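Residue numbers for the sequence shown follow my numbering, so the first one is 22 and each next one is one higher. All C-beta atoms in this analysis are idealised placements derived from N, C-alpha and C, irrespective of residue type, glycine included. No experiment lies behind these values; they were computed from the predicted model shown. First up is the structure itself, then whatever we jot down about it.
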Amino acid sequence: MSRWKAAGIHLSANAVIATLALALIFLVWYPHPYSQAAGAGMLALLLLGVDLVLGPLLTLVVYKAGKKSLRFDLTIIVMLQIAAFAYGLHVVAQARPAFIVGAVDRFVLVAANELAPTDIAKASNPRFNHVPWTGPLVVGAKLPSEASEVKALVFSGLAGKDVEKFPQYYVPYADVASALLARATPLDTFVRKHPTASAMIDAWRQAHPAQPADSVVALPLNSRTQAVTALVDRHTGAILDTLAFDPW
(Lines of atoms letter the chains of each structure in order from A; the text may use other names.)
(Lines give C-alpha, C1' and ligand atoms only; values in the text may rest on other atoms or scores of the structure.)
Protein backbone atom coordinates (compact mmCIF):
# COMPACT_ATOMS: atom_id res chain seq x y z
CA MET A 22 0.00 0.00 0.00
CA SER A 23 1.31 3.46 -0.89
CA ARG A 24 1.47 6.23 1.68
CA TRP A 25 -1.13 8.17 -0.30
CA LYS A 26 -3.57 5.29 -0.15
CA ALA A 27 -2.95 4.84 3.59
CA ALA A 28 -3.53 8.56 4.19
CA GLY A 29 -6.67 8.38 2.04
CA ILE A 30 -8.08 5.51 4.11
CA HIS A 31 -7.29 7.43 7.27
CA LEU A 32 -8.98 10.52 5.84
CA SER A 33 -12.11 8.55 4.87
CA ALA A 34 -12.46 7.14 8.37
CA ASN A 35 -12.01 10.59 9.84
CA ALA A 36 -14.64 12.03 7.49
CA VAL A 37 -17.24 9.67 9.00
CA ILE A 38 -16.29 10.73 12.51
CA ALA A 39 -16.31 14.40 11.47
CA THR A 40 -19.81 14.06 10.00
CA LEU A 41 -21.12 12.63 13.26
CA ALA A 42 -19.38 15.37 15.25
CA LEU A 43 -20.83 18.10 13.03
CA ALA A 44 -24.31 16.64 13.41
CA LEU A 45 -23.91 16.69 17.20
CA ILE A 46 -22.62 20.27 17.16
CA PHE A 47 -25.04 21.91 14.73
CA LEU A 48 -28.17 19.85 15.38
CA VAL A 49 -27.96 19.44 19.15
CA TRP A 50 -25.46 21.66 20.98
CA TYR A 51 -25.39 24.70 18.70
CA PRO A 52 -28.69 24.58 16.80
CA HIS A 53 -29.99 27.21 14.42
CA PRO A 54 -30.56 30.10 15.00
CA TYR A 55 -28.02 30.32 17.84
CA SER A 56 -24.98 28.74 16.20
CA GLN A 57 -23.81 32.03 14.71
CA ALA A 58 -23.99 34.00 17.95
CA ALA A 59 -22.20 31.18 19.79
CA GLY A 60 -19.32 31.08 17.30
CA ALA A 61 -19.99 27.48 16.35
CA GLY A 62 -18.38 27.86 12.93
CA MET A 63 -14.92 28.64 14.31
CA LEU A 64 -15.14 25.94 16.97
CA ALA A 65 -16.19 23.35 14.40
CA LEU A 66 -13.40 24.46 12.06
CA LEU A 67 -10.78 23.96 14.77
CA LEU A 68 -12.19 20.56 15.63
CA LEU A 69 -12.25 19.44 12.00
CA GLY A 70 -8.71 20.74 11.52
CA VAL A 71 -7.58 18.24 14.13
CA ASP A 72 -9.75 15.40 12.87
CA LEU A 73 -9.37 15.76 9.11
CA VAL A 74 -5.87 17.19 8.80
CA LEU A 75 -3.66 16.15 11.71
CA GLY A 76 -4.09 12.38 11.55
CA PRO A 77 -4.02 11.80 7.77
CA LEU A 78 -1.13 14.25 7.37
CA LEU A 79 0.97 12.43 9.95
CA THR A 80 0.06 9.11 8.34
CA LEU A 81 1.23 10.46 4.98
CA VAL A 82 4.55 11.51 6.53
CA VAL A 83 5.42 8.35 8.47
CA TYR A 84 3.86 5.61 6.34
CA LYS A 85 6.29 3.39 4.48
CA ALA A 86 5.47 -0.16 3.45
CA GLY A 87 7.69 -2.69 5.25
CA LYS A 88 8.86 -0.21 7.86
CA LYS A 89 9.62 -2.09 11.10
CA SER A 90 8.20 0.56 13.40
CA LEU A 91 5.16 1.27 11.20
CA ARG A 92 2.59 -0.30 13.51
CA PHE A 93 4.03 1.55 16.51
CA ASP A 94 4.10 4.85 14.58
CA LEU A 95 0.50 4.50 13.42
CA THR A 96 -0.64 3.56 16.92
CA ILE A 97 0.97 6.70 18.33
CA ILE A 98 -0.67 8.82 15.62
CA VAL A 99 -4.11 7.36 16.34
CA MET A 100 -3.66 7.86 20.08
CA LEU A 101 -2.55 11.46 19.61
CA GLN A 102 -5.44 12.15 17.29
CA ILE A 103 -7.99 10.61 19.66
CA ALA A 104 -6.60 12.67 22.55
CA ALA A 105 -6.63 15.90 20.52
CA PHE A 106 -10.12 15.23 19.16
CA ALA A 107 -11.49 14.35 22.60
CA TYR A 108 -10.03 17.54 24.06
CA GLY A 109 -11.44 19.61 21.20
CA LEU A 110 -14.89 18.04 21.58
CA HIS A 111 -14.73 18.72 25.32
CA VAL A 112 -13.99 22.40 24.69
CA VAL A 113 -16.87 22.62 22.22
CA ALA A 114 -19.21 20.93 24.69
CA GLN A 115 -18.24 23.25 27.54
CA ALA A 116 -18.79 26.34 25.37
CA ARG A 117 -22.20 25.17 24.09
CA PRO A 118 -25.21 27.47 24.57
CA ALA A 119 -27.09 26.44 27.71
CA PHE A 120 -29.77 29.12 28.04
CA ILE A 121 -31.08 31.93 25.87
CA VAL A 122 -32.16 34.40 28.53
CA GLY A 123 -34.71 37.11 27.79
CA ALA A 124 -34.24 40.01 30.19
CA VAL A 125 -35.45 43.63 30.04
CA ASP A 126 -34.81 44.54 26.38
CA ARG A 127 -32.57 41.79 24.97
CA PHE A 128 -31.68 38.14 24.79
CA VAL A 129 -28.40 36.89 26.22
CA LEU A 130 -26.83 33.62 25.13
CA VAL A 131 -25.32 31.99 28.21
CA ALA A 132 -22.78 29.23 27.59
CA ALA A 133 -22.50 26.18 29.82
CA ASN A 134 -19.08 27.22 31.13
CA GLU A 135 -20.37 30.68 32.08
CA LEU A 136 -22.56 29.24 34.83
CA ALA A 137 -21.12 28.43 38.23
CA PRO A 138 -22.32 25.11 39.70
CA THR A 139 -23.19 26.87 42.97
CA ASP A 140 -25.44 29.32 41.09
CA ILE A 141 -27.11 26.55 39.08
CA ALA A 142 -27.90 24.68 42.28
CA LYS A 143 -29.85 27.69 43.60
CA ALA A 144 -32.44 27.57 40.82
CA SER A 145 -35.85 26.86 42.32
CA ASN A 146 -37.35 25.62 39.04
CA PRO A 147 -36.15 22.03 38.38
CA ARG A 148 -35.94 22.80 34.65
CA PHE A 149 -33.19 25.32 35.31
CA ASN A 150 -31.11 23.67 38.05
CA HIS A 151 -28.93 21.79 35.59
CA VAL A 152 -27.17 22.59 32.34
CA PRO A 153 -29.04 20.99 29.41
CA TRP A 154 -27.23 18.66 27.01
CA THR A 155 -29.93 18.50 24.34
CA GLY A 156 -29.81 22.12 23.20
CA PRO A 157 -30.29 25.54 24.77
CA LEU A 158 -33.47 26.47 26.63
CA VAL A 159 -35.14 29.82 26.02
CA VAL A 160 -35.99 31.29 29.42
CA GLY A 161 -36.76 34.62 31.03
CA ALA A 162 -35.07 36.39 33.91
CA LYS A 163 -36.76 38.63 36.46
CA LEU A 164 -34.97 40.99 38.81
CA PRO A 165 -35.36 40.27 42.53
CA SER A 166 -37.64 42.36 44.71
CA GLU A 167 -35.56 42.21 47.88
CA ALA A 168 -33.41 45.36 48.29
CA SER A 169 -30.38 43.36 49.46
CA GLU A 170 -30.55 41.08 46.44
CA VAL A 171 -30.96 44.02 44.08
CA LYS A 172 -27.91 45.69 45.60
CA ALA A 173 -25.85 42.52 45.33
CA LEU A 174 -26.95 42.06 41.73
CA VAL A 175 -26.00 45.64 40.85
CA PHE A 176 -22.47 45.17 42.17
CA SER A 177 -22.24 41.78 40.47
CA GLY A 178 -23.34 43.35 37.18
CA LEU A 179 -20.65 46.01 37.49
CA ALA A 180 -18.16 43.17 37.83
CA GLY A 181 -19.49 41.56 34.63
CA LYS A 182 -21.85 38.98 36.06
CA ASP A 183 -25.40 40.13 35.40
CA VAL A 184 -28.81 38.59 36.08
CA GLU A 185 -28.60 36.13 33.17
CA LYS A 186 -25.76 34.30 34.97
CA PHE A 187 -27.98 33.53 37.96
CA PRO A 188 -30.44 30.65 37.26
CA GLN A 189 -32.18 31.40 40.56
CA TYR A 190 -33.82 34.34 38.77
CA TYR A 191 -34.87 32.31 35.72
CA VAL A 192 -38.55 32.02 34.94
CA PRO A 193 -40.45 30.42 32.03
CA TYR A 194 -40.00 32.50 28.88
CA ALA A 195 -43.75 33.06 28.62
CA ASP A 196 -43.55 35.12 31.83
CA VAL A 197 -41.37 37.79 30.19
CA ALA A 198 -42.27 37.50 26.50
CA SER A 199 -44.84 40.30 26.49
CA ALA A 200 -42.47 42.70 28.27
CA LEU A 201 -39.70 41.91 25.80
CA LEU A 202 -42.00 42.34 22.81
CA ALA A 203 -43.06 45.74 24.15
CA ARG A 204 -39.42 46.85 23.82
CA ALA A 205 -38.80 45.20 20.45
CA THR A 206 -38.34 47.19 17.24
CA PRO A 207 -40.53 46.59 14.16
CA LEU A 208 -38.42 45.69 11.13
CA ASP A 209 -39.30 48.83 9.15
CA THR A 210 -38.28 50.98 12.11
CA PHE A 211 -35.15 48.89 12.58
CA VAL A 212 -34.13 49.48 8.96
CA ARG A 213 -34.63 53.22 9.33
CA LYS A 214 -32.39 53.22 12.39
CA HIS A 215 -29.83 50.90 10.81
CA PRO A 216 -29.77 51.49 7.01
CA THR A 217 -26.75 49.17 6.61
CA ALA A 218 -28.94 46.27 7.74
CA SER A 219 -31.42 46.84 4.92
CA ALA A 220 -29.89 44.26 2.57
CA MET A 221 -29.91 41.57 5.28
CA ILE A 222 -33.52 42.31 6.20
CA ASP A 223 -34.63 42.28 2.56
CA ALA A 224 -32.84 38.98 1.94
CA TRP A 225 -34.45 37.42 5.00
CA ARG A 226 -37.92 38.61 3.94
CA GLN A 227 -37.44 37.15 0.46
CA ALA A 228 -36.35 33.85 1.96
CA HIS A 229 -39.42 33.77 4.23
CA PRO A 230 -42.33 35.01 2.10
CA ALA A 231 -44.88 33.24 4.30
CA GLN A 232 -43.90 35.38 7.28
CA PRO A 233 -45.82 38.71 7.16
CA ALA A 234 -43.41 41.63 7.41
CA ASP A 235 -45.37 43.30 10.18
CA SER A 236 -45.33 40.15 12.30
CA VAL A 237 -41.57 40.25 12.89
CA VAL A 238 -39.69 42.47 15.34
CA ALA A 239 -36.03 42.81 16.24
CA LEU A 240 -34.25 42.45 19.57
CA PRO A 241 -30.54 42.29 20.43
CA LEU A 242 -29.05 38.89 21.17
CA ASN A 243 -25.75 39.13 23.02
CA SER A 244 -23.14 36.47 23.61
CA ARG A 245 -19.76 36.80 25.26
CA THR A 246 -18.09 37.29 21.89
CA GLN A 247 -20.55 39.29 19.81
CA ALA A 248 -23.99 40.83 19.45
CA VAL A 249 -26.40 39.84 16.69
CA THR A 250 -29.98 40.73 15.83
CA ALA A 251 -32.71 38.30 16.79
CA LEU A 252 -35.84 38.26 14.64
CA VAL A 253 -38.85 37.49 16.80
CA ASP A 254 -42.49 36.69 16.07
CA ARG A 255 -44.36 39.62 17.57
CA HIS A 256 -47.39 37.47 18.36
CA THR A 257 -45.80 34.44 20.01
CA GLY A 258 -42.40 35.77 21.07
CA ALA A 259 -40.67 32.86 19.33
CA ILE A 260 -37.14 33.52 18.05
CA LEU A 261 -37.34 32.93 14.30
CA ASP A 262 -33.80 33.65 13.21
CA THR A 263 -30.70 35.75 13.83
CA LEU A 264 -28.84 38.16 11.57
CA ALA A 265 -25.12 38.84 11.77
CA PHE A 266 -25.72 42.50 12.53
CA ASP A 267 -24.83 44.35 15.71
CA PRO A 268 -28.07 46.14 16.73
CA TRP A 269 -26.35 48.38 19.26
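Taken through DSSP and simplified to helix, strand or coil, residue 117 comes out as coil. One thing to note: residue 255 has its Cβ within 7 Å of the Cβ of residue 236. Excluding the 5 residues flanking it on each side, residue 215 has same chain C-beta neighbours closer than 8 Å at 266, 268, in chain order. Sequence-distant partners of residue 155 (beyond 5 residues in either direction) whose C-beta falls short of 7 Å from its own C-beta, in its chain, are 49. Contact annotation: the stretch 173–191 does not touch the stretch 78–87, with fewer than three C-beta pairs closer than 8 Å. Each of 223, 209, 123, 93 was checked against the Cα of residue 163, and the nearest Cα belongs to 123. DSSP places residue 262 in the uninterrupted beta strand (DSSP E) bounded by 260–264. Sequence-distant Cβ neighbours of residue 234 in its own chain, meaning closer than 8 Å and more than five residues away, are 208, 209, 226. With a cutoff of 7 Å on beta-carbon distance, residue 106 and residue 71 are scored as near each other.
Remark: three or more beta-carbon pairs, one from each stretch, lie closer than 8 Å, so the stretch 106–116 and the stretch 54–70 are flagged as touching.
Taking C-alpha positions only, residue 53 is separated from residue 170 by approximately 35 Å.
Close CB contacts of residue 143 within its chain, under the 6 Å cut and outside five residues either way in sequence, are with 189 (chain order).
Counting along the chain, residue 267 sits inside no beta strand (DSSP E), nor does DSSP assign it H or E at all. About 12 Å separates the beta carbons of residue 137 and residue 119, which is beyond the 8 Å limit, so they are not a contact pair. From the listed residues 89, 177, 244, 205, the smallest Cα separation to residue 126 is found for 205. Exclusion of the five residues before and after residue 158 leaves 119, 120, 121, 148, 149 as the residues of its chain whose Cβ lies within less than 8 Å of its Cβ. A check of alpha carbon separations from residue 241 across 69, 151, 129 identifies 129 as the nearest. Assigned with DSSP and collapsed to three states, residue 150 falls in coil, not helix or strand.
Residue 76 holds the alpha-carbon nearest to the alpha-carbon of residue 29 among 199, 76, 257, 42. With at least 16 other beta carbons inside 10 angstroms of its own, residue 244 counts as buried. Rounded to the nearest angstrom, the gap between the Cα atoms of residue 94 and residue 32 is 17 Å. Using a 10 angstroms sphere on the CB of residue 87, the tally of other CB atoms stays under 16, which defines it as exposed.
Taking 8 Å as the upper bound for CB-CB distance, residue 58 and residue 249 are in contact here, some 5 Å apart. Excluding residues up to 5 positions away in sequence, 76 lie with their Cβ nearer than 8 Å to the Cβ of residue 99 in the same chain.
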